[in-house]
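If you're matching positions, the sequence shown starts at 6 in the numbering used here and goes up one per residue.
Quick reminder that beta carbons are idealized off the backbone N, C-alpha and C, glycines included.
Bear in mind that the values here come from a model prediction, so they are computed numbers and not experimental data.
Since the structure comes first, as structure tokens, the remarks are kept for the end.
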Amino acid sequence: MIKPYQSYRYLRRYKQIILTVGRYGFGELISRLKLLKLLKLKKTAPAPELSAQATRAQRFRLMLEQLGPTFIKLGQILSTRADLLPGDIVTELAQLQDNVAPTPWESVRKQLRGDLGDYFETSFARFNPEPIASASIAQVYEAWLKSGEKVAVKIIRPGTEKIFRDDLLILEHLANLIHTHLEEARHWDLHAVLDQLRTSVNNELDMRHEGRNADIFRANFADYHHVYAPKIYWDYCRSNILVMEYVDGRPIAEFFDHQVDLETRRRLARNGADIVLRQIFEHGFFQADPHPGNAFVLPGDVICFLDFGMFSRLDRGARNILGRVLQAIVKKDIERIFKAARDLDVLPQENNQAELKVAVLDLIEQYHGIPLKQINVRRMLSDIIRLINHFHIGIRNDFLFLIKALGTIEATGHNLDPEFDMLTQIKPYARSLVTRRYAPQHILDESQRFGEDVVQLARESPEHLLEILRHLRAGRFKMEFQHRGLEQSLQQLNQISDKVILGLIIAALIISSAVIAHADIGPKLFGYPVIGGFGFLIAGITGLWIIFDILRNRNK
6 MIKPYQSYRY LRRYKQIILT VGRYGFGELI SRLKLLKLLK LKKTAPAPEL SAQATRAQRF
66 RLMLEQLGPT FIKLGQILST RADLLPGDIV TELAQLQDNV APTPWESVRK QLRGDLGDYF
126 ETSFARFNPE PIASASIAQV YEAWLKSGEK VAVKIIRPGT EKIFRDDLLI LEHLANLIHT
186 HLEEARHWDL HAVLDQLRTS VNNELDMRHE GRNADIFRAN FADYHHVYAP KIYWDYCRSN
246 ILVMEYVDGR PIAEFFDHQV DLETRRRLAR NGADIVLRQI FEHGFFQADP HPGNAFVLPG
306 DVICFLDFGM FSRLDRGARN ILGRVLQAIV KKDIERIFKA ARDLDVLPQE NNQAELKVAV
366 LDLIEQYHGI PLKQINVRRM LSDIIRLINH FHIGIRNDFL FLIKALGTIE ATGHNLDPEF
426 DMLTQIKPYA RSLVTRRYAP QHILDESQRF GEDVVQLARE SPEHLLEILR HLRAGRFKME
486 FQHRGLEQSL QQLNQISDKV ILGLIIAALI ISSAVIAHAD IGPKLFGYPV IGGFGFLIAG
546 ITGLWIIFDI LRNRNK
């Protein structure tokens, strides 16, 4: 892999990133990562637009917005990772603004003309070059097809792919430095976050992926009349262009105004929550960030979703485990909760589990028996995340997105209806998850899958057993052990053993040289034995080299 500081292009961007981090008040982090010395930079003055009263969380959000599309996308992902970041920063990241100044149309057209030729002339009867929306990755324009239909055309901004590629390389290097120099961050799986960012970026840079998400969403809600998804015009779509039906509605944020009819706001709150909960609990395919800015209200209180770039999935197994957890929480059955956690492979080390069980039981007791209307779901989710963070419990990305989606929809519901009760909305879906496990059809399906596994095991086991016996008889049976995560420790052990061996050699050399000098054996120079003196010289030089190497490694 190319190291960012070995290439001028990367170095220029790297310096820009580090200077911006310093300007927004995170100079201590730069110092601890030894980046000023590495990049030959001086400390920077604070950003002039930064208020003296800005909190740490606000500075972090503003910094990400300033650094551009890669870091805005990273912030959106980190807003789901309360297991990594303090609660104030996670809350602030939910307010990330992805509205940027548009790229001039001539630059966009020049880029696309080289890729697509006369695409715009042959595809559209009319095209408005003034964007109606502009974000960090794409810009949206209004146009009319030759058939007369009005469409919204979403186009990837020129150069975006190159920016992401360079920034991801720099972020990988920063992740390595953080893991090396920050003791408190050693348990963070930063490379998993970067893998998630890379996957999300690759999906969003392919407009066809967003179009497929829209089609799946529309098919899932084909019989549900309170939601609408724009039609995708696939004949006009390309990897960097998405053409979809133009929808003219009112942003849902306009209904946060208390002057709007209360009953209308209540219906929108219930319908919006119902749409998100159906995605999670029934379809297992849900918007990871159901932001109010990505939804319009159409006549008849129909909610139209516009952005289909960031979706997540919950497979059937995960939904079954979720149902088991909910049932165990109702019964305050800690052992069943931990069994579900073991199935998800998210438990910490065994020696922490006794303390963790007490903490989980205490958390359940805080909310058990309280009327649903009195429970704040966002606060409850925050309490769960704090517990996860404290005990360093691993948590799957799909569950993190689920938590964020539930928190976002509750906040939107309260903005529409101050008396909105999220848990009352969730209750029938949670009950359905539990009862579905005991439904005859589900039991029949599980029995059929189990039977197929048993038949396959019975069919293949004799053959595999005979193959093992043949290898044993022929003397070809081998057992191989592979260690993981011990490379650095083994390397340090080898270095230590090398120094010990050199020390023994030096000691032997000094003793033998002293014996030779005392016995007055061999030629002399200025009255001193040459062989003994030469032995002392080699021992001294080698000893000084070992001391220098030890001191150098300590200062790293």
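**Asked** Rounded to whole angstroms, how far is the Cβ of GLN292 from the Cβ of PHE316, which I believe are closer than 8 Å?
**Response** 6 Å
**Asked** Given 8 Å as the limit, is there contact between the region 311-326 and the region 282-297, that is, 3 or more CB pairs closer than that?
**Response** yes
**Message:** Using DSSP's beta-bridge definition, name the partner residues of MET249.
**Reply:** ALA157, ILE237
**Prompt:** Looking only at DSSP bridge pairs, what is GLU147 linked to?
**Reply:** ALA157
**Request:** Quick one: measure Cβ to Cβ for LEU361 and PHE396, integer angstroms, because I've assumed they're closer than 8 Å.
**Result:** 5 Å
**Request:** Specify, as a first and last residue, the run of the beta strand (DSSP E) that VAL302 falls within.
**Result:** 300-303
**Item:** Beta-carbon gap between PRO134 and TRP110 smaller than 8 Å
**Value:** yes
**Prompt:** Among all the DSSP beta bridges, which residues are the ones paired with GLN292?
**Reply:** PHE316
**Beta-carbon gap between ILE160 and ALA143 smaller than 8 Å** = yes
**Under the three-state DSSP convention, the category PHE31 falls into** = coil
**Request:** Return the first residue and the last residue of the alpha helix (DSSP H) that PHE404 is part of.
**Result:** 402-421
**Asked** Out of curiosity, what's the CA-to-CA distance linking GLU1 and ASP93?
**Response** Nothing about residue 1 can be reported from this structure: the residues present for the chain run from 6 to 561 only.
**Request:** Just confirm the distance between the C-beta atoms of ALA278 and MET427, as a whole number of angstroms; I'd bet it's less than 8 Å.
**Result:** 7 Å
**Asked** Got a sec? Which residues, its chain only, sit under 7 Å from ASN225 by beta carbon, not counting five neighbours each side?
**Response** HIS288, PHE290
**Request:** My understanding is that ILE431 touches LEU273, with C-beta atoms under 8 Å, so please give their C-beta distance in whole angstroms.
**Result:** Their Cβ separation, rounded to whole angstroms, is 18 Å, which puts ILE431 and LEU273 out of contact at 8 Å.
**Request:** Determine, using beta carbons only, whether TYR29 and ARG86 come nearer to each other than 8 Å.
**Result:** no
**Prompt:** In angstroms, rounded to a whole number, what distance separates the CA positions of ILE408 and THR96?
**Reply:** 13 Å
**Item:** Neighbourhood of LYS155 by C-beta, 6 Å cutoff - its chain only, sequence neighbours within 5 removed
**Value:** TRP149, TYR251
**Asked** Taking the C-alpha atoms as reference points, what is the distance between ILE543 and VAL505?
**Response** 17 Å
**Prompt:** Three or more C-beta pairs closer than 8 Å, one from the region 72-85 and one from the region 171-178: is that the case here?
**Reply:** yes
**Message:** Measuring only the C-alpha atoms, how far is GLU340 from ASP388?
**Reply:** 20 Å
**Burial state of ILE552, where buried means 16 or more other Cβ atoms lie within 10 Å** = exposed
**Asked** What first and last residue would you give for the alpha helix (DSSP H) that runs through ILE168?
**Response** 165-186
**Request:** Please list, in chain order, all residues of the same chain as ILE221 whose beta carbon is under 7 Å from its beta carbon, the five residues on each side excluded.
**Result:** PHE290
**Prompt:** Along the chain, where does the beta strand (DSSP E) that runs through ALA130 open and close?
**Reply:** 129-132
**Prompt:** Nearest CA to the CA of ARG162: which residue from ILE183, ALA138, SER466?
**Reply:** ALA138
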